[in-house]
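**Student:**
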Amino acid sequence: MTKEALTLKKLAHVMAAVQLVSFNSVALAGPKIAVTNTRETGVYIVSVSGSEQSTTSLLARWQNKASALCKGGGYRVEPNGQPVVHDKRCSDAVVSGPDGLRCLEVDASVFGKVVCEQAPPSVSR
-10 MTKEALTLKK LAHVMAAVQL VSFNSVALAG PKIAVTNTRE TGVYIVSVSG
40 SEQSTTSLLA RWQNKASALC KGGGYRVEPN GQPVVHDKRC SDAVVSGPDG
90 LRCLEVDASV FGKVVCEQAP PSVSR
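Following my numbering, the numbering of the sequence shown begins with -10 at its first residue and continues without gaps.
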């Protein structure tokens, strides 16, 4: 097999993989919520992402999760007192679709550090 044919074959595999990932992203639609428990009691990293055009619903989900983590008590958000909000946007990658090439979209997201004002009681192990 020539070097050009091998390169084209590799490119075809990469494009197929990108299309598969793109299809799975659509098939698994719905906001994704991730909570990372830090080593500090009552401190969490919370992120919510989804394919929504508007981040309003993602922000509401983020705030609900933060409140639930702090058992309905108060909390503060780092950095800068508010979570970081990113709208849905195009990445530098492209995917091939029925209408030609288009950018691979990056989901909208809300991210921030939640610090509970009243840390929940520690669990004895």
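Virtual Cβ for every residue (Gly too), placed ideally from N, Cα, C.
1) With a 10 Å radius around its C-beta and 16 neighbouring C-beta atoms as the bar for buried, classify Ala82 as buried or exposed.
2) To the nearest angstrom, how far is the alpha carbon of Arg28 from that of Ile34?
3) Nearest to Gly101 by alpha carbon, out of Ile22, Cys59, Pro68 and Leu58?
4) How about Ile22 and Val37: are their beta carbons less than 8 Å apart?
5) For a test of the three-state rule: what should DSSP assign to Gly26, helix, strand or coil?
6) Enumerated in chain order, which unbroken segments of the beta strand (DSSP E) with a length of 3 residues or greater are wholly contained in the region 42 to 101?
7) Along the chain, where does the beta strand (DSSP E) that runs through Gly19 open and close?
8) With burial defined as no fewer than 16 other Cβ atoms inside 10 Å of the residue's Cβ, what is the status of Cys59: buried or exposed?
9) Where does the unbroken beta strand (DSSP E) through Gly39 begin, and where does it stop?
10) If you compare alpha carbons, which of Arg50, Gln107, Ser40 and Val66 is closest to Gly19?
11) Relative to the alpha-carbon of Asp76, which residue among Pro87, Leu48 and Thr25 has its alpha-carbon at the smallest distance?
**Tutor:** According to the data block:
1) With fewer than 16 other Cβ atoms from the protein chains shown falling within 10 Å of its own Cβ, Ala82 counts as exposed.
2) 11 Å
3) Pro68
4) Against a cut-off of 8 Å, the Cβ pair of Val37 and Ile22 comes out as a contact.
5) The residue asked about is misnamed: residue 26 is Asn in this sequence, not Gly. In this structure, Asn26 counts as strand in the three-state DSSP scheme.
6) 64 to 67, 73 to 75, 78 to 86 and 89 to 95
7) Note, Gly19: premise wrong, no beta strand (DSSP E); not H, not E.
8) buried
9) Annotation for Gly39: the continuous beta strand (DSSP E) segment containing it runs Val32 to Gly39.
10) Ser40
11) For Asp76, the closest alpha carbon among the candidates Pro87, Leu48 and Thr25 is that of Leu48.
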